[in-house]
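Counting in our numbering, the sequence shown runs from 14 upward without gaps. Even glycine gets a Cβ: it sits at the ideal position worked out from N, Cα and C.
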Amino acid sequence: MAWGRASSPSPPPPPPPRAPPIPRSSPTIDATTILSLLTLLSLLGGAYAASVRFLPRTSSLKTRILFVWHLFDALVHLVFEGSFLYNCFCVSYALPTSFSAAARHHPHIRLLTPPDVYWLGHEDRLYGANYGEGPFSRLWQEYAKADKRWGGVDLTVVSLEILTVGVGAPLALWICAMLRTEERKGVLKRWFWMSLLATAELYGGWMTFAPEWLTGSPNLDTSNWMYL
14 MAWGRASSPS PPPPPPPRAP PIPRSSPTID ATTILSLLTL LSLLGGAYAA SVRFLPRTSS
74 LKTRILFVWH LFDALVHLVF EGSFLYNCFC VSYALPTSFS AAARHHPHIR LLTPPDVYWL
134 GHEDRLYGAN YGEGPFSRLW QEYAKADKRW GGVDLTVVSL EILTVGVGAP LALWICAMLR
194 TEERKGVLKR WFWMSLLATA ELYGGWMTFA PEWLTGSPNL DTSNWMYL
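Below you can see the structure in the form of structure tokens.
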């Protein structure tokens, strides 16, 4: 610089380079997805076959649709959601006593219970479908891509599923048994229990997803249309 002349301010440093955007993964349909959809279709087909076998030939189309729907509902609760509860109670992963670098980044380690709260009182184990290798564990691992809570043990979800499998499914089967009787007998009784079950289903769905919506969906993957 020249003697006696004020130095000019140095130019600001260039901004740091921006990282390229991470591309979103496109929906994939693998063997687990196909097998799950085929199982679902087989349950629907079984419910229709049962309507042909057990309903009187004089049953109206409305009665047949209600029978198929409630039997399909019961089968889904017992087979799919029953398998979810099995994973929550019987499939576990032993936590390492010391977390090495590999264990610290283990993809299965995800705590869904509040601090100092341990499922079944076991401090050294994690439970859920994430830690199994069977076909129903794979199914719920696939579902957990859309909602992480179904890969482990979320207390609200498990509590609702116990009611769904233990109360909702038997009630749906009982409604099917009532639909087998003569259509003019016990009409009000059938509609009362069907309305009660439908209300319980709506309530269960609200209590499952409302906590996520009210907290910004921390466990839901809303970036992929296939998971919505």
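7 Å CB neighbourhood of residue 5 in its chain, flanking five on each side removed: In the structure as shown, the chain begins at 14 and stops at 241. Residue 5 is therefore absent and cannot be evaluated.
Please report how far the alpha carbon of residue 92 lies from the alpha carbon of residue 56, in whole angstroms. 9 Å
Residue 182 lies in the alpha helix (DSSP H); which residues open and close that run? 182 to 192
Counting pairs of beta carbons, one from the stretch 119 to 133 and one from the stretch 74 to 88, are three or more of them closer than 8 Å? no
By the three-class DSSP mapping on this structure, what secondary structure does residue 233 have? strand
When you compare only the Cα positions, how much space is there between residue 171 and residue 101? 8 Å
Given a cut-off of 9 Å on the beta-carbon distance, is the pair residue 129 and residue 107 in contact? no
Which runs of the beta strand (DSSP E) fall wholly inside the stretch 122 to 207 and span at least 3 residues, in chain order? 138 to 140
Run the CB neighbour count on residue 162, radius 10 Å, all protein chains shown included, and call it buried at 16 or more, exposed below. buried
For the structure I just gave you, are there three or more beta carbon pairs, one from the stretch 177 to 195 and one from the stretch 74 to 85, closer than 8 Å? yes
Just how far apart, CA to CA, sit residue 179 and residue 41? 33 Å
Residue from 228, 222, 215, 190 whose Cα sits closest to the Cα of residue 159: 222
What is the rounded straight-line gap between the Cα of residue 220 and the Cα of residue 67? 35 Å
State buried or exposed for residue 103, treating a residue as buried only when at least 16 other CB atoms are found within 10 Å of its CB. exposed
With DSSP as the reference, label residue 55 as helix, strand or coil. helix
Proximity of residue 73 and residue 196 at Cβ, strictly below 9 Å: yes
Going by alpha carbons, who is nearest to residue 237 out of 143, 156, 174? 156
With C-beta atoms as the reference, is residue 125 less than 9 Å away from residue 168? yes
Below 9 Å between beta carbons: does that hold for residue 45 and residue 148? yes
Going straight from the alpha carbon of residue 150 to that of residue 231, what length do you get? 22 Å
Using CA atoms only, rank isn't needed, just tell me which of 76, 75, 214 is closest to residue 175. 214
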